[in-house]
Amino acid sequence: MSTTTSSRIDELPAANDPSGPVAAHPKDGAMMHSGRLPPLLPWPDIGHIAKWSVSSYKFGFGAECLRDGDPDTFWHSDGPQPHFITIEFPRKVAIQKISIYLSWPQDDSYTPSTLAIRAGTGPSDLQDVRMATLDKPDGWITFDVSSELDEDATSL
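Right, dumping it as structure tokens:
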């Protein structure tokens with residue numbers, strides 16, 4: 001029997017507030033990177049070893065658009081909130097950062113305003129790792145999830 005590590009990024013329902021600057025708040029454990037290119041981080045990208053799935057999608061805008069390297073393609077959900085992305089690894093892994101590209105100017109009302117990052121050993125034991133309230137984000141947002149290590153300090 002293999003052990004998997006699951007992470008989930010949820011878009012939570014929230015009131016739309018069109019006022020205010022683009023921001024990711026440091027208390028959320030997040031850093032905003034302007035521009036369309038992924039941020040250069042000192043850790044390897046391990047997303048390719050994971051299984052990616054989404055709560056719902058419109059035809060042609062599924063989970064494959066999340067990792068195709070093109071910021072002009074995107075996942076488009078097609079169902080009631082909350083919407084979520086599930087990332088399952090084939091074994092327990094240490095995750096340092098999670099980056100996501102959001103563009104309020106491009107997506108307008110479809111851009112999430114609240115994100116929750118959850119982690120666990122499977123779908124039934126996910127725990128909140130980071131919560132972020134975003135105001136008109138435009139660019140890459142990197143969440144630091146490294147401080148949420150388990151007892152042996154090897155993974156989330």
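In this text, residue positions in the sequence shown follow full-length UniProt numbering: the first is 1, and each later residue adds one. From the three backbone atoms N, C-alpha and C, an ideal C-beta is built for every residue, glycine too. Being a predicted model, the structure only gives us computed values, none of them experimental.
Backbone CA spacing between residue i and residue j [nearest angstrom]
| i | j | result |
| --- | --- | --- |
| residue 59 | residue 66 | 14 Å |
| residue 86 | residue 144 | 18 Å |
| residue 50 | residue 34 | 26 Å |
| residue 139 | residue 133 | 15 Å |
| residue 52 | residue 88 | 7 Å |
| residue 84 | residue 38 | 21 Å |
| residue 136 | residue 91 | 35 Å |
| residue 158 | residue 32 | The structure shown does not extend to residue 158, since the chain is modelled only from 1 to 156, so the question has no answer here. |
| residue 100 | residue 124 | 24 Å |
| residue 122 | residue 56 | 19 Å |
Terminal residues of the beta strand (DSSP E) in which residue i lies
| i | result |
| --- | --- |
| residue 128 | 127 to 133 |
| residue 54 | 51 to 54 |
| residue 83 | 83 to 89 |
| residue 33 | 30 to 33 |
Coarse secondary structure for residue i, derived from DSSP in three states
| i | result |
| --- | --- |
| residue 103 | strand |
| residue 140 | strand |
| residue 47 | helix |
| residue 115 | strand |
| residue 94 | coil |
| residue 1 | Since pLDDT at residue 1 reaches only 34, below the 50 mark, its modelled position is unreliable, and no value is offered. |
Assess, as a yes-or-no matter, whether the segment 28 to 43 is touched by the segment 87 to 106 under the definition of 3 or more beta carbon pairs within less than 8 Å. yes
Can you find at least 3 beta carbon pairs, one from the segment 101 to 116 and one from the segment 68 to 84, that sit closer than 8 Å? yes
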